[in-house]
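Heads up: take any position in the sequence shown, counting from 1, add 1, and you land on my numbering.
The C-beta atom is built at its ideal place from N, Cα and C for all residues, glycine as well.
To start, the structure under review is shown below, and the notes come after it.
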Amino acid sequence: MTENETSDSHPASTARPRVSGRIGAIAESATLAVDAKAKALKAQGRPVIGFGAGEPDFPTPGYIVEAAVEAARNPVNHRYTPAGGLPELKAAIVAKTRRDSDYEVAPEHVLVTNGGKQAVYQAFAAIVDPGDEVLLPAPYWTTYPEAVKLAGGVPVEVFADETQDYLVTVEQLEAARTDRTKVLLFCSPSNPTGSVYPPEQIRAIGEWALAHGIWVVTDEIYEHLTYDGARSVSMPVEVPALADTCIVLNGVAKTYAMTGWRVGWMIGPRDVIKAATNLQSHLTSNVCNVSQRAAVVALTEDLSAVQEMRVAFDRRRRAMVGMLNDIPGVQCPTPQGAFYVYPSVRGVLGKQIRGRVPTTSAELAGLILDEAEVAVVPGEAFGPSGYLRLSYALGDEDLAEGVGRIQKLLGEAR
Ligand code: PMP
Numbered sequence: 002m003t004e005n006e007t008s009d010s011h012p013a014s015t016a017r018p019r020v021s022g023r024i025g026a027i028a029e030s031a032t033l034a035v036d037a038k039a040k041a042l043k044a045q046g047r048p049v050i051g052f053g054a055g056e057p058d059f060p061t062p063g064y065i066v067e068a069a070v071e072a073a074r075n076p077v078n079h080r081y082t083p084a085g086g087l088p089e090l091k092a093a094i095v096a097k098t099r100r101d102s103d104y105e106v107a108p109e110h111v112l113v114t115n116g117g118k119q120a121v122y123q124a125f126a127a128i129v130d131p132g133d134e135v136l137l138p139a140p141y142w143t144t145y146p147e148a149v150k151l152a153g154g155v156p157v158e159v160f161a162d163e164t165q166d167y168l169v170t171v172e173q174l175e176a177a178r179t180d181r182t183k184v185l186l187f188c189s190p191s192n193p194t195g196s197v198y199p200p201e202q203i204r205a206i207g208e209w210a211l212a213h214g215i216w217v218v219t220d221e222i223y224e225h226l227t228y229d230g231a232r233s234v235s236m237p238v239e240v241p242a243l244a245d246t247c248i249v250l251n252g253v254a255k256t257y258a259m260t261g262w263r264v265g266w267m268i269g270p271r272d273v274i275k276a277a278t279n280l281q282s283h284l285t286s287n288v289c290n291v292s293q294r295a296a297v298v299a300l301t302e303d304l305s306a307v308q309e310m311r312v313a314f315d316r317r318r319r320a321m322v323g324m325l326n327d328i329p330g331v332q333c334p335t336p337q338g339a340f341y342v343y344p345s346v347r348g349v350l351g352k353q354i355r356g357r358v359p360t361t362s363a364e365l366a367g368l369i370l371d372e373a374e375v376a377v378v379p380g381e382a383f384g385p386s387g388y389l390r391l392s393y394a395l396g397d398e399d400l401a402e403g404v405g406r407i408q409k410l411l412g413e414a415r
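This is the structure in structure tokens:
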């Protein structure tokens, strides 16, 4: 049936939008869009180098894969699990949270989700009512505002630029607080900036939230990817009284190179976890049983696999920051976490490069893809224009070649 046929046979339907307002308002994921464009060009045979990916370039460690293969052979795992997750996995998450964060929680505080992304959606769905304001430190991961809006909430951006290492202060948050403020979203180490909040600043922000009765949703998915001696600390550990109004988000994707397995979780107070579990029971039922079995092994074994990745990421991080800062007009703070760098390119905008004059980072990213065949994500995906996000989760040679091409192209700016 064509669109016309639909309208002809149901005249009333023409008066109504075909796609609901709620879903029609969701923006396409800009990071996935960049990745798709780069892959399409590659498929045409172009030598595109992609800095868009948000996933480690390493395979999942062999012992985790083996555990999954074994689990797939056992018919017990061909069935549904409880909607909230396998009891064994919840127990492993409780133990891991104690081991890595020194945070004491019970299985009733845990909900296993289809990746950290579903935990983000369910966290906001569980605590945000229409009209509630959610403070969103910017640059922010592109999914957060969409998840807030889907819950009827209003994202309120609080921007911190490169001169403050992209870290928001209590003063900035306080200036944005209103009597509608219900939640603060917090992410450290950060996607997209790679910034890591120092423990004192985490404590100060947690105490501020507690004092004003503001919930905190804290995303700790990059907790094990830190460099230069930086340390991830968990906000409800720094401010224990916050635990009753705090949701911690996490997952296996980044730590164990398991993005495709889709296992994440949320930790929160019992009533919120119960409500979110009810939601999930109608939305997706349980996470893939075999993936849950693999996650039990990932979380129970030691952290040597992530230590190896960290060494490679650290080497690439330093190489990339050095090369980017050599480009006139580009300013790249040295990030201490995750696997992204977030240079300001404002010094390049408005200049002429190969006959074009990009005035926004989105235009500049387009120019870089067309002329240098390098894919980067523009700052517009994460907040204000004027920045680029580059992932260093790719091989050292490609990294040097790709940044070299950007250096050469932007070196022509006049
Ligand atoms: N939080 C942040 C900050 C992320 O960058 C990502 C992945 N890009 C996620 C959560 C979700 O990861 P996943 O759904 O793959 O577990």
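Alpha-carbon to alpha-carbon, residue j and residue i
{"i": "P140", "j": "R74", "result": "44 angstroms"}
{"i": "A37", "j": "A242", "result": "44 angstroms"}
{"i": "A276", "j": "K183", "result": "18 angstroms"}
{"i": "I65", "j": "Y341", "result": "26 angstroms"}
{"i": "E4", "j": "L87", "result": "In this prediction, E4 has a pLDDT of 45, which is less than 50 and means its spatial position is unreliable; nothing more can be read from the coordinates."}
{"i": "T260", "j": "W266", "result": "14 angstroms"}
{"i": "S233", "j": "Q408", "result": "32 angstroms"}
{"i": "E302", "j": "R17", "result": "54 angstroms"}
{"i": "L304", "j": "V298", "result": "11 angstroms"}
{"i": "T7", "j": "S345", "result": "In this predicted model, T7 has a pLDDT of only 47, less than 50, meaning its place in the structure is not dependable; the value taken from the coordinates is given anyway. In a straight line, the C-alpha of T7 is about 48 angstroms away from that of S345."}
{"i": "T114", "j": "G25", "result": "25 angstroms"}
{"i": "A31", "j": "E147", "result": "12 angstroms"}
{"i": "L395", "j": "T61", "result": "15 angstroms"}
{"i": "E398", "j": "L325", "result": "16 angstroms"}
{"i": "H213", "j": "K118", "result": "27 angstroms"}
{"i": "R294", "j": "E56", "result": "21 angstroms"}
{"i": "S282", "j": "I274", "result": "12 angstroms"}
{"i": "M2", "j": "G22", "result": "In this prediction, M2 has a pLDDT of 43, which is less than 50 and means its spatial position is unreliable; nothing more can be read from the coordinates."}
{"i": "R47", "j": "L389", "result": "22 angstroms"}
{"i": "W262", "j": "Q308", "result": "20 angstroms"}
Residue i vs residue j beta-carbon contact at 8 angstroms
{"i": "N251", "j": "E208", "result": "no"}
{"i": "A373", "j": "L410", "result": "yes"}
{"i": "S392", "j": "G116", "result": "no"}
{"i": "D103", "j": "V238", "result": "yes"}
{"i": "M236", "j": "T219", "result": "yes"}
{"i": "M321", "j": "L400", "result": "yes"}
{"i": "F187", "j": "V149", "result": "no"}
{"i": "P194", "j": "P336", "result": "For the record, residue 194 in the displayed sequence is Thr; it is not Pro. Their beta carbons are under 8 angstroms apart, which means T194 touches P336 by this criterion."}
{"i": "A258", "j": "F125", "result": "no"}
{"i": "V378", "j": "G403", "result": "no"}
{"i": "A39", "j": "G51", "result": "yes"}
{"i": "A306", "j": "V264", "result": "no"}
{"i": "S286", "j": "Y122", "result": "no"}
{"i": "R318", "j": "Y228", "result": "yes"}
{"i": "V157", "j": "A176", "result": "no"}
{"i": "L174", "j": "I206", "result": "yes"}
{"i": "T143", "j": "F383", "result": "yes"}
Where the beta strand (DSSP E) containing residue i begins and where it ends
{"i": "A366", "result": "A366 -> not in any beta strand (DSSP E); alpha helix (DSSP H) instead, spanning 362–373."}
{"i": "P156", "result": "155–160"}
{"i": "A31", "result": "Segment 31–44 is the alpha helix (DSSP H) holding A31; no beta strand (DSSP E) there."}
{"i": "L136", "result": "134–139"}
8 angstroms Cβ shell around residue i - same chain, five flanking residues per side excluded
{"i": "E413", "result": "I354, R355"}
{"i": "V291", "result": "A69, A72, A73, N78"}
{"i": "G132", "result": "G153, G154, V155, R181"}
Other residues of its chain near residue i: CB distance less than 6 angstroms, five sequence neighbours each side excluded
{"i": "P138", "result": "V159, V169"}
{"i": "K91", "result": "P108, V111"}
{"i": "L185", "result": "L136, A210, I215, V217"}
{"i": "I248", "result": "A124, V218, M267, G269"}
{"i": "G85", "result": "L112, T278"}
{"i": "T361", "result": "S386"}
Check: residue i C-beta below 7 angstroms from any heavy atom of the ligand GTP
{"i": "A254", "result": "The model on display carries the ligand PMP but not the ligand GTP."}
Bridge partner(s) assigned by DSSP for residue i
{"i": "C188", "result": "D220"}
{"i": "T335", "result": "Note: T335 sits in no beta bridge, so no partner."}
{"i": "M267", "result": "L112, L250"}
{"i": "Y388", "result": "S345"}
{"i": "V378", "result": "R390"}
{"i": "P18", "result": "Paired residues: none, contrary to the question."}
{"i": "R357", "result": "I354"}
{"i": "I50", "result": "V375"}
Range of the contiguous alpha helix (DSSP H) that encloses residue i
{"i": "P200", "result": "200–212"}
{"i": "E71", "result": "63–74"}
{"i": "A244", "result": "Per DSSP, A244 belongs to no alpha helix (DSSP H) and is neither H nor E."}
{"i": "N290", "result": "290–301"}
{"i": "P88", "result": "88–102"}
{"i": "R178", "result": "Here R178 belongs to no alpha helix (DSSP H), and DSSP marks it neither H nor E."}
{"i": "M259", "result": "Taken as a continuous stretch (DSSP letters only), M259 belongs to no alpha helix (DSSP H), as it is neither H nor E."}
{"i": "I407", "result": "397–411"}
Same chain, Cβ closer than 7 angstroms to residue i, neighbours up to 5 away in sequence not counted
{"i": "P359", "result": "L350, L365, L368"}
{"i": "D166", "result": "S196, P334"}
{"i": "R99", "result": "E105"}
{"i": "L226", "result": "P190, K255, R311, F314, G338, A339, F340"}
{"i": "A93", "result": "V297, L300, T301"}
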